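>
Protein chains in written order, with our numbering: chain A, 22 to 132; chain B, 5 to 117.
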């Protein structure tokens, strides 16, 4: 059974700092991996989708990497801003099936 | 495209009443997923469909829960009778089966009193 963990559970940083969020999964036979952002009381917004054949994806200040063999993905946020404050979830796509979600990392960026 | 549309946004109902949650998929997507989110348990997959066919309903907590896809663009999740422990935010998401990633709706916040 695929299990997904995220470290740290919560993170508080000053504005402008670069930061890394970590996602680990137990079964490397994944289809893809997706990073989401969730604001309090809101739905999930897709940030980046990495297919199993890819190593990384970039969108603006965000960069996500994938290392299937070690069961890890990282989300790098450059020059963090208060508007980046949210919960970040990674979701591992199982082959031809559904996504398994991690518990999330709650990020606070202090002005 | 308007994205995945869920209704209602909020629902407050009394224990024992029937609740129906609705979801409209993104045009062209062929997979539909219903999730439930609580503080204690996080995001839990309840059921998912591919091409209108239920593929896995093992996450449906009890027989009180049922889901349907009467057509390729619409789904309902019904709880009957509802109980206070069903209070949660219910999300639906759609995707292409071939791995295009999920797009989530804004969710329905259900409160059963």
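Virtual Cβ for every residue (Gly too), placed ideally from N, Cα, C.
Computed from a predicted structure; not experimentally measured.
Assuming contact is defined by CB atoms lying nearer than 8 Å, are residue 94(A) and residue 128(A) in contact in what I supplied?
The residue labelled residue 94(A) in the question sits at position 73 within the first chain. The residue labelled residue 128(A) in the question sits at position 107 within the first chain. Not closer than 8 Å, so no.
> Do residue 69(A) and residue 85(A) come within 8 Å of each other at the CB atom, strictly closer than that value?
Stepping through the first chain from its first residue, residue 85(A) is reached at position 64. Stepping through the first chain from its first residue, residue 69(A) is reached at position 48. For residue 85(A) and residue 69(A), yes; Cβs fall inside 8 Å.
> Please go through the same chain and pick out, in chain order, the residues whose beta-carbon is closer than 7 Å to the beta-carbon of residue 105(B), but skip the five residues on each side of it.
Numbered from its first residue, the second chain carries residue 105(B) at position 101. So the qualifying residues of the chain are 99.
> Does chain A have any CB closer than 8 Å to the CB of residue 32(B)?
Locating residue 32(B) in the second chain gives position 28, counting from the first residue. Not one beta carbon of chain A lies nearer than 8 Å to the beta carbon of residue 32(B).
> What does the alpha-carbon distance come out to for the pair residue 40(A) and residue 33(A)?
To locate residue 40(A), count along the first chain from 1; it is residue 19. To locate residue 33(A), count along the first chain from 1; it is residue 12. Near 10 Å, if we compare the C-alpha coordinates of residue 33(A) and residue 40(A).
> Could you check which residue in 54(A), 71(A), 28(A) and 22(A) has the C-alpha nearest to that of residue 125(A)?
Numbered from 1 along the first chain, position 104 holds the residue referred to as residue 125(A). Nearest of 54(A), 71(A), 28(A) and 22(A) to residue 125(A), Cα basis: 28(A).
> For a contact meaning CB atoms closer than 8 Å, what does residue 110(B) contact in chain A?
Locating residue 110(B) in the second chain gives position 106, counting from the first residue. 63 and 64, listed in chain order.
> Buried or exposed: residue 88(A), going by 16 or more other Cβ atoms within 10 Å of its Cβ?
For the purposes of this step, residue 88(A) is taken as residue 67 along the first chain, with counting starting at 1. It counts as exposed.
> Can you have a look at residue 14(B) and say buried or exposed, based on whether 16 or more other CB atoms are within 10 angstroms of its CB?
Residue 14(B) sits at position 10 when you count from the first residue of the second chain. Flag for residue 14(B) reads exposed.
> Starting from residue 132(A), trace the beta strand (DSSP E) both ways and give me its first and last residue.
Translated into the one-based positions of the first chain, residue 132(A) becomes position 111. Premise fails: residue 132(A) is in no beta strand (DSSP E) and is neither H nor E.
> Exposed or buried, what is residue 67(B) when buried is set at 16 or more other beta-carbons lying within 10 Å of its beta-carbon?
As a working note, residue 67(B) is residue 63 in the second chain. It counts as exposed.
> Measuring CA to CA, which of 38(A), 54(A) and 112(A) is closest to residue 46(B)?
By one-based count along the second chain, residue 46(B) stands at place 42. Per the Cα distances, 112(A).
> Could you check whether residue 112(B) and residue 94(B) sit closer than 8 Å to each other, using their CB atoms as the reference points?
As a working mapping, residue 94(B) is identified with position 90 in the second chain. As a working mapping, residue 112(B) is identified with position 108 in the second chain. Residue 94(B) places its beta carbon less than 8 Å from that of residue 112(B).
> If you measure from the beta carbon of residue 67(A) to each beta carbon in chain B, is any gap under 8 Å?
The count along the first chain starts at 1 and reaches residue 67(A) at position 46. Answer yes: the Cβ-Cβ gap between residue 67(A) and chain B drops below 8 Å somewhere.
> If we cut at 8 Å on Cβ distances, does residue 47(B) have a partner in chain A?
As a first step, residue 47(B) is located in the second chain; it is residue number 43 there, counting from the start. True, the Cβ-Cβ gap to chain A drops below 8 Å.
> Could you check whether the Cβ of residue 105(B) sits closer than 8 Å to any Cβ belonging to chain A?
Within the second chain, the letter at position 101 stands for residue 105(B). Closer than 8 Å to some Cβ of chain A, the Cβ of residue 105(B) qualifies, so yes.
> Taking DSSP as the reference, what is the three-state secondary structure of residue 104(A)?
Within the first chain, residue 104(A) is the residue found at index 83, counting from 1. It is helical.
> Which residue wins for smallest C-alpha separation from residue 119(A), given the options 19(B), 63(B), 71(B) and 23(B)?
For the purposes of this step, residue 119(A) is taken as the residue at position 98 of the first chain. The option with the nearest alpha carbon to residue 119(A) is 63(B).
> Cβ closer than 8 Å: which chain B residues qualify as neighbours of residue 55(A)?
Here residue 55(A) is taken as the residue at index 34 of the first chain, counted from 1. 105 and 106, listed in chain order.
> Measuring straight from C-alpha to C-alpha, what distance separates residue 3(A) and residue 71(A)?
This structure gives no information on residue 3(A), because the portion of chain A shown stretches from 22 to 132.
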